[in-house]
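Taken in sequence, the protein lines are chains A, B, C and D.
So in my numbering the end of the first sequence lands on 125, straight run, no missing numbers.
So in my numbering the end of the second sequence lands on 125, straight run, no missing numbers.
So in my numbering the end of the third sequence lands on 125, straight run, no missing numbers.
So in my numbering the end of the fourth sequence lands on 125, straight run, no missing numbers.
Idealized CB from N, CA, C, for every residue including glycine.
Protein chains: 4
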Amino acid sequence: MSDSEDREPGTIAELTERLRRFAEEREWQQFHTPKNLAMALAGEVGELLAELQWLTPEESSRLMADPELGGRVRAEVGDVMIYLTRLADVLGIDLVRAADDKLVEVARRYPVERVRGWAAKAEGS
Amino acid sequence: MSDSEDREPGTIAELTERLRRFAEEREWQQFHTPKNLAMALAGEVGELLAELQWLTPEESSRLMADPELGGRVRAEVGDVMIYLTRLADVLGIDLVRAADDKLVEVARRYPVERVRGWAAKAEGS
Amino acid sequence: MSDSEDREPGTIAELTERLRRFAEEREWQQFHTPKNLAMALAGEVGELLAELQWLTPEESSRLMADPELGGRVRAEVGDVMIYLTRLADVLGIDLVRAADDKLVEVARRYPVERVRGWAAKAEGS
Amino acid sequence: MSDSEDREPGTIAELTERLRRFAEEREWQQFHTPKNLAMALAGEVGELLAELQWLTPEESSRLMADPELGGRVRAEVGDVMIYLTRLADVLGIDLVRAADDKLVEVARRYPVERVRGWAAKAEGS
Numbered sequence: 001m002s003d004s005e006d007r008e009p010g011t012i013a014e015l016t017e018r019l020r021r022f023a024e025e026r027e028w029q030q031f032h033t034p035k036n037l038a039m040a041l042a043g044e045v046g047e048l049l050a051e052l053q054w055l056t057p058e059e060s061s062r063l064m065a066d067p068e069l070g071g072r073v074r075a076e077v078g079d080v081m082i083y084l085t086r087l088a089d090v091l092g093i094d095l096v097r098a099a100d101d102k103l104v105e106v107a108r109r110y111p112v113e114r115v116r117g118w119a120a121k122a123e124g125s
Numbered sequence: 001m002s003d004s005e006d007r008e009p010g011t012i013a014e015l016t017e018r019l020r021r022f023a024e025e026r027e028w029q030q031f032h033t034p035k036n037l038a039m040a041l042a043g044e045v046g047e048l049l050a051e052l053q054w055l056t057p058e059e060s061s062r063l064m065a066d067p068e069l070g071g072r073v074r075a076e077v078g079d080v081m082i083y084l085t086r087l088a089d090v091l092g093i094d095l096v097r098a099a100d101d102k103l104v105e106v107a108r109r110y111p112v113e114r115v116r117g118w119a120a121k122a123e124g125s
Numbered sequence: 001m002s003d004s005e006d007r008e009p010g011t012i013a014e015l016t017e018r019l020r021r022f023a024e025e026r027e028w029q030q031f032h033t034p035k036n037l038a039m040a041l042a043g044e045v046g047e048l049l050a051e052l053q054w055l056t057p058e059e060s061s062r063l064m065a066d067p068e069l070g071g072r073v074r075a076e077v078g079d080v081m082i083y084l085t086r087l088a089d090v091l092g093i094d095l096v097r098a099a100d101d102k103l104v105e106v107a108r109r110y111p112v113e114r115v116r117g118w119a120a121k122a123e124g125s
Numbered sequence: 001m002s003d004s005e006d007r008e009p010g011t012i013a014e015l016t017e018r019l020r021r022f023a024e025e026r027e028w029q030q031f032h033t034p035k036n037l038a039m040a041l042a043g044e045v046g047e048l049l050a051e052l053q054w055l056t057p058e059e060s061s062r063l064m065a066d067p068e069l070g071g072r073v074r075a076e077v078g079d080v081m082i083y084l085t086r087l088a089d090v091l092g093i094d095l096v097r098a099a100d101d102k103l104v105e106v107a108r109r110y111p112v113e114r115v116r117g118w119a120a121k122a123e124g125s
């Protein structure tokens, strides 16, 4: 189930364009309000969680070794990326840039010198 | 609040590497089991939904015009991207490729000729 | 699809007991850590959102009039209640009391005299 | 943080009525479309998950022993119950009955004789 193949990794920009055309061809833009896309995103994240909910942390770390489970998880991750990318496009947000800007904030709140060694569980936002 | 600036858009690969180093510097990898990362992802999606929950669909379409609300939504989208990218890295999944593979499936299920014109609401997975 | 029948409405205490026995009979308590139950809860809420995501607000207000859609939504609400009740039991939390205590807080933050009339969107937590 | 006190446990019917009055007094019913309430529910479940995301399963089992963490989790559970109860009311769904009906289905799918002993992880819906 590895993704380390020889083909070019696609870019978010290309995926964004494909999703835009996909929606336009089917006249689905009417449904793609930020509100609906956020709900769809939450729905797919829910499906992803459902695949992991009964696993122990260790089992979850090995899940990609199981072809069926790994395939299902990869499909759900793909769905989450679809809706996140589409939502970002509709809102005019650059996903990587937004992530980077947030990461700078978090780094400021949890500087390495202060947190290395002890378990700082309050990472991220 | 537009992201259409002149600098180079970052790539997911670069973001992935930054997140990896971020976690390693702080010795946080121990917390980054797929289970925990999926929960963190769901938590951030919840915070994103909270920003949109009382808006009408039309208000949600205009939200980026409001500097404060737009800034908060962009920050939450950034958080969601952080955890999705980190989860994909830990699982060895290429986000764009997983999304593309899913899109091919959906296109097959909802070919343009069949769905254009009528409201097919069951898009995606 | 109305639930206004003549039989006694069941109580949460009885549902809690049934869920406890249900898990014990199948030796599933091992999977019912608060972490797993919270993930399961999020998974079911995701499935509920998926039923509503493409509806307009007005369509969502009429959804119970559609026997199929209404039945699916009712089933998902039932699943959410199952996991919320089980999680509350495992944590020793009284659901109604916890909700009431929170409501008192919210009422204090949004007193009627102050908010009646204008659209105060920041209700709840 | 125990809820085993001497006062009468409240009923869902009473909570439902209190929430109805709470919304009407503030003229907030306009915001309580099923769509919005489902999003609010997802938002609160996200906040609940955020409290548990970095805990090990064992730490999550002991969390109510910590007054601060236990208090925050109880508050989030209260918020989830608030929105679930309000959503059920707006849709005309009896929460306990919907849960019971779903439980009967699950019991049929996973009869005790068949599943006791081995780890059947596909419980619930």
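Tell me whether Arg21 of chain A is buried or exposed, calling it buried when 16 or more other Cβ atoms sit within 10 Å of its Cβ.
With fewer than 16 other beta carbons inside 10 angstroms of its own, Arg21 of chain A counts as exposed.
Quick one: what's got a C-beta closer than 6 Å to Ala88 of chain D's C-beta in the same chain, skipping five residues either side?
Listed in chain order, the non-local C-beta contacts of Ala88 of chain D below 6 Å within the same chain comprise Leu95, local neighbours out to five positions each way being set aside.
What does the alpha-carbon distance come out to for the pair Ile12 of chain B and Ile93 of chain B?
12 Å
Under the rule that 16 or more other beta-carbon atoms within 10 Å means buried, what is Glu123 of chain C, buried or exposed?
Reliability fails at Glu123 of chain C, whose pLDDT of 47 lies under 50, so the model's placement of it is uncertain and no value is given.
Counting only the same chain and skipping the five closest in sequence on each side, list residues whose C-beta sits under 7 Å from that of Val90 of chain B.
His32, Pro34 and Leu37
Please confirm if Glu27 of chain A has its CB atom under 8 Å from at least one CB of chain B.
yes
Taking contact to mean at least 3 C-beta pairs separated by less than 8 Å, is the stretch 94-111 of chain A in contact with the stretch 72-81 of chain B?
yes
Of all Cβ atoms in chain A, is any one closer than 8 Å to the Cβ of Glu8 of chain D?
Here the model assigns Glu8 of chain D a pLDDT of 49, short of 50, so the residue's position is not dependable, and the following value carries that caveat. No, Glu8 of chain D lies away from the interface with chain A (no Cβ there is under 8 Å from its Cβ).
Can the beta-carbon of Val106 of chain C be found less than 8 Å from the beta-carbon of Leu41 of chain D?
no
Over what stretch of residues does the alpha helix (DSSP H) that includes Ile93 of chain D continue unbroken?
Segment: none, Ile93 of chain D is in no alpha helix (DSSP H) and carries neither H nor E.
Taking the C-alpha atoms as reference points, what is the distance between Arg108 of chain D and Arg26 of chain C?
13 Å
At a Cβ threshold of 8 Å, is Pro57 of chain C touching chain B?
yes
Would you report the Cα separation of Val73 of chain C and Leu48 of chain C, rounded to the nearest angstrom?
6 Å
What's the call for Arg114 of chain D, buried or exposed, on a 16-neighbour Cβ count within 10 Å?
In summary, Arg114 of chain D is exposed, with fewer than 16 beta-carbon neighbours lying within 10 Å of its beta-carbon over all protein chains present.
Reducing DSSP to helix, strand and coil, say where Asp6 of chain B ends up.
Only weak support exists for where Asp6 of chain B lies, its pLDDT of 41 falling under 50; the coordinates are left without a value.
Rounded to whole angstroms, how far is the Cβ of Met39 of chain C from the Cβ of Gln53 of chain A, which I believe are closer than 8 Å?
Met39 of chain C to Gln53 of chain A, Cβ: 4 Å. Contact.
Let me see if you follow: with CB-CB separation under 8 Å, is Met39 of chain B close to chain C or not?
The C-beta of Met39 of chain B comes closer than 8 Å to at least one C-beta of chain C.
Since I believe Ile82 of chain A is in contact with Leu103 of chain B (beta carbons under 8 Å), could you give me their beta-carbon distance rounded to a whole number of angstroms?
Right, the Cβ-Cβ distance comes to about 6 Å (below 8 Å), so this counts as a contact.
Once DSSP output is grouped into helix, strand and coil, what is the label at Ser125 of chain A?
Below a pLDDT of 50, predicted positions are generally treated as unreliable, and Ser125 of chain A, at 40, falls in that range; the measurement from the model is reported next regardless. Three-state DSSP puts Ser125 of chain A in coil, outside helix and strand.
Restricting to Cα atoms, I'd like to know which of A:Gly43, A:Leu15, A:Thr16 and A:Glu24 is closest to Pro111 of chain B.
Among A:Gly43, A:Leu15, A:Thr16 and A:Glu24, the Cα nearest to that of Pro111 of chain B belongs to A:Glu24.
Buried or exposed, going by whether 16 or more other CB atoms sit within 10 Å of the CB of Asp100 of chain B?
buried
Rounded to whole angstroms, what's the CA-CA distance from Ala120 of chain A to Asp66 of chain D? Just pull it up for me.
With a pLDDT of 47 at Ala120 of chain A, under the threshold of 50, the modelled position of this residue cannot be trusted; read the value that follows with caution. Using only the alpha carbons, I get a separation of about 17 Å.
Whole angstroms is fine: what's the gap from Thr16 of chain D's alpha carbon to Gly10 of chain C's?
In this model, Thr16 of chain D and Gly10 of chain C are separated by some 15 Å (Cα to Cα).
On the DSSP letters alone, give me the boundaries of the alpha helix (DSSP H) that Ala13 of chain A sits inside.
Ile12 to Glu25
Flag Val106 of chain B as yes when its Cβ comes closer than 7 Å to any non-hydrogen atom of the ligand ZN, and as no otherwise.
Of the ligands one can find in the structure shown there are none, so the ligand ZN has no counterpart to examine.
In terms of residue numbering, what span does the alpha helix (DSSP H) encompassing Met39 of chain A cover?
Pro34 to Leu52
Of all the CB atoms in chain D, is at least one closer than 8 Å to the CB of Ala42 of chain A?
yes
Starting from the beta carbon of Pro34 of chain C, find every residue of chain D whose beta carbon is closer than 7 Å, and list them in chain order.
Leu52, Ser60, Ser61 and Leu63
State the Cα-Cα distance for the pair Leu55 of chain A and Pro57 of chain D, rounded to the nearest angstrom.
The alpha-carbon atoms of Leu55 of chain A and Pro57 of chain D are separated by roughly 11 Å.
Does DSSP put Arg116 of chain C in a helix, a strand or coil?
coil
With 16 other CB atoms within 10 Å as the buried threshold, where does Glu51 of chain C fall?
Here Glu51 of chain C is buried, its C-beta having at least 16 other C-beta atoms within 10 Å.
Which stretch, first to last residue, makes up the alpha helix (DSSP H) that contains Ser111 of chain D?
It should be noted that the sequence gives Pro, not Ser, for residue 111 of chain D. First-last for Pro111 of chain D: undefined, no H or E at that position.
What is the DSSP secondary structure of Val55 of chain B, counted as helix, strand or coil?
What sits at residue 55 of chain B in the sequence shown is Leu, not Val. Coil, per DSSP.
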